[in-house]
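Enquirer:
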Ligand SMILES: [Zn+2]
Ligand SMILES: [Zn+2]
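In this note's numbering, the protein residues as written are -17 to 360.
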């Protein structure tokens, strides 16, 4: 690997060239005589780990922008791919640049880009939708039947520069910092779940206090939930849950979750948000919900789960809903207005700001649950 200095110099030369040549439709890849390189975190092999290496510059397409990454966040999906568990092995297609959560400054625009310009701070939707399938035609873009995932099916954003199609870019309000903007995706998931029904005046139980669960706690309190219970198996994350405003935190390793919640809420919880993906949490989520209550499922169990369908679901008349991703772009719009209006503060969940060179430490922290959101910069 060449030195950082040389890499920076090469990138500079590249950007100057882009600015000088004002890209033609073929992009810099075709118009330049020389090949330039970027530093990127690449999932290269179908095994645990990743490698920080030089990669060839991306080729700018006419409906894309090229953006310099200011901050990028690690997501649970990235951890699965880094660790290479069964779920990742069935989904990921190495070699690919990892990552999908970012804030980046537009440095050049393709010929057909109409609404973005140099200097805009953008983030990007992870679900790259086709725009033509049945679900896209019904405006369910997040459920596109031909969806591709940034950082999984295509190169992602753990790189010095990222290519983003205009239709998946989200222009951030200038008042929102790149660190916060890079962590909007988990907030979006939380917004989609919390506001998929009423929470005002309701008792809420949240299973899983990763970044999405932590955001959900603050959103529920902000929206006037009467009580918020947070369940996790990490002391570190339960402490964060208290900081986000949870009224009571429950350690699932040492406490009988169902009886503890039942003693506070004898009729059951009005709303239950399952954000952990742990099979036992899904079972407990159905049990602690009140009759005719709402159970919203976001966490993805990696295997089949056994639940008592008769007693815990049908006879209770539960409203169970699955949530995948964010509504494009109404969820982004709501999340960004909540950020701008300071109803939610993502700085509270960003526990680590590390350099990309420290990626191994970052992934270890994520795997051990000793962090909230980790933001990486170059
Ligand atoms: Zn993510
Ligand atoms: Zn589609």
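Yeah, the Cβ is synthetic: ideal placement off N, Cα and C, and Gly gets one too.
These figures come from a predicted structure and were not determined experimentally.
Could you give the first and the last residue of the continuous beta strand (DSSP E) run that contains residue 143?
Expert: Segment 143 to 147, the beta strand (DSSP E) holding residue 143.
Enquirer: Which of helix, strand or coil does DSSP assign to residue 99?
Expert: Coil.
Enquirer: Looking at residue 44: is its Cβ nearer than 8 Å to the Cβ of residue 113?
Expert: No. Outside cutoff.
Enquirer: Mind listing, in chain order, the continuous alpha helix (DSSP H) runs of no fewer than 4 residues lying wholly within the stretch 174 to 207?
Expert: Qualifying alpha helix (DSSP H) stretches, in chain order: 193 to 204.
Enquirer: With 16 other CB atoms within 10 Å as the buried threshold, where does residue 170 fall?
Expert: By the 10 Å Cβ count, residue 170 comes out buried.
Enquirer: Okay, do the stretch 50 to 60 and the stretch 116 to 123 touch, 3+ Cβ pairs below 8 Å being the bar?
Expert: Contact between the stretch 50 to 60 and the stretch 116 to 123 is absent, because fewer than three Cβ pairs lie under 8 Å.
Enquirer: Tell me the DSSP secondary structure of residue 116 in three-state form.
Expert: Of the three classes helix, strand and coil, the one that applies to residue 116 here is helix, per DSSP.
Enquirer: Could you tell me which uninterrupted beta strand (DSSP E) segments, each at least 3 residues in length, are contained entirely in the stretch 203 to 279, listed from first to last along the chain?
Expert: If we require 3 residues or more, the beta strand (DSSP E) runs fully inside the stretch 203 to 279 come out as 209 to 214, 230 to 233, 251 to 256 and 271 to 279.
Enquirer: What residue does the beta strand (DSSP E) around residue 36 start on, and which one ends it?
Expert: Run containing residue 36: 33 to 38, per the beta strand (DSSP E) assignment.
Enquirer: Confirm the yes/no value for this check: CB of residue 380, any heavy atom of ligand 1, distance under 7 Å.
Expert: Lying before the first or after the last residue shown, residue 380 is absent from the chain, which here runs from -17 to 360.
Enquirer: Once DSSP output is grouped into helix, strand and coil, what is the label at residue 296?
Expert: Correct three-state label for residue 296: helix.
Enquirer: Any heavy atom of ligand 1 closer than 7 Å to the CB of residue 406?
Expert: Missing from the structure shown is residue 406; the chain here goes from -17 to 360 and no further.
Enquirer: Give a yes or no on contact between the stretch 99 to 115 and the stretch 150 to 157, applying the rule of three or more CB pairs nearer than 8 Å.
Expert: Touching, per the Cβ criterion.
Enquirer: My output table needs one value for residue 55: the three-state DSSP class, helix, strand or coil.
Expert: Three-state DSSP puts residue 55 in a strand.
Enquirer: Is residue 149 near ligand 2, going by C-beta to nearest heavy atom under 7 Å?
Expert: Because no heavy atom of ligand 2 lies under 7 Å away, the Cβ of residue 149 does not count as near it: no.
Enquirer: I believe residue 82 touches residue 138 by the beta-carbon criterion, under 8 Å. Please report the beta-carbon distance rounded to the nearest angstrom.
Expert: Yes, residue 82 and residue 138 are in contact; Cβ-Cβ is about 5 Å, under 8 Å.
Enquirer: Closer than 7 Å: is that where the CB of residue 82 sits relative to any heavy atom of ligand 1?
Expert: Yes; taking the cut-off as 7 Å, the Cβ of residue 82 has a heavy atom of ligand 1 nearer than that.
Enquirer: Under a three-way DSSP split, which group does residue 333 fall into?
Expert: DSSP places residue 333 in strand when its eight states are reduced to three.
Enquirer: Between the C-alpha atoms of residue 111 and residue 241, what's the straight-line distance to the nearest angstrom?
Expert: Roughly 43 Å separates the two Cα atoms.
Enquirer: Look at the alpha carbon of residue 320 and the alpha carbon of residue 95, and state the distance between them as a whole number of angstroms.
Expert: So the two alpha carbons sit approximately 28 Å from each other.
Enquirer: Need the endpoints of the beta strand (DSSP E) that residue 84 sits in, please.
Expert: From DSSP, the beta strand (DSSP E) with residue 84 extends over 83 to 91.
Enquirer: Give the secondary structure of residue 322 by DSSP, where H, G and I count as helix, E and B as strand, and everything else as coil.
Expert: Of the three classes helix, strand and coil, the one that applies to residue 322 here is helix, per DSSP.
Enquirer: Can you list, in chain order, the residues of its chain whose CB lies under 7 Å from that of residue 299, leaving out five sequence neighbours each side?
Expert: Closer than 7 Å at the Cβ level, and outside the excluded window around residue 299, lie 273 and 274.
Enquirer: Please state whether the Cβ-Cβ distance between residue 175 and residue 264 is less than 8 Å.
Expert: Result no, Cβ atoms of residue 175 and residue 264 do not sit closer than 8 Å.
Enquirer: Please report the straight-line C-alpha distance between residue 14 and residue 36, rounded to a whole angstrom.
Expert: Residue placement at residue 14 is flagged as unreliable, the pLDDT there being 47, under the threshold of 50; the coordinate-derived value follows with that caveat. Each residue's alpha carbon lies about 18 Å from the other.
Enquirer: How about residue 215 and residue 223: do their beta carbons lie closer than 8 Å?
Expert: Contact: no.
Enquirer: Run through DSSP, which three-state label would residue 159 get?
Expert: Residue 159: coil per DSSP, three-state reduction.
Enquirer: Buried or exposed: where does residue 266 fall if 16 or more other Cβ atoms within 10 Å of its Cβ makes it buried?
Expert: With 16 or more other Cβ atoms within 10 Å, it is buried.
Enquirer: Can you tell me the Cα-Cα spacing of residue 24 and residue 115, whole angstroms?
Expert: The straight-line gap from Cα to Cα measures roughly 31 Å.
Enquirer: Determine the burial state of residue 292: buried for a count of at least 16 other Cβ atoms within 10 Å of its Cβ, exposed for fewer.
Expert: Answer is exposed; the Cβ neighbour count stays below 16.
Enquirer: Below 8 Å, can you find three or more Cβ-Cβ pairs linking the stretch 189 to 197 to the stretch 313 to 332?
Expert: Touching, per the Cβ criterion.
Enquirer: Sorted by chain position, which residues of the same chain lie with C-beta nearer than 7 Å to residue 202's C-beta, five sequence neighbours on each side aside?
Expert: So the list reads 176, 181, 186 and 210, once near-sequence residues are dropped.
Enquirer: To which residues of the same chain is residue 283 closer than 8 Å at the C-beta, ignoring the five residues directly before and after it?
Expert: Hits under 8 Å: 259, 260, 261 and 264.
Enquirer: The beta strand (DSSP E) with residue 301 in it runs from where to where?
Expert: From DSSP, the beta strand (DSSP E) with residue 301 extends over 301 to 304.
Enquirer: Under 6 Å Cβ to Cβ from residue 9, same chain only, skipping five residues before and after it: list those, please.
Expert: Because residue 9 carries a pLDDT of 34, less than 50, the predicted location of this residue cannot be relied on, and the following value inherits that uncertainty. For residue 9, where only same-chain residues beyond five positions count, the Cβ hits under 6 Å are 41 and 42.
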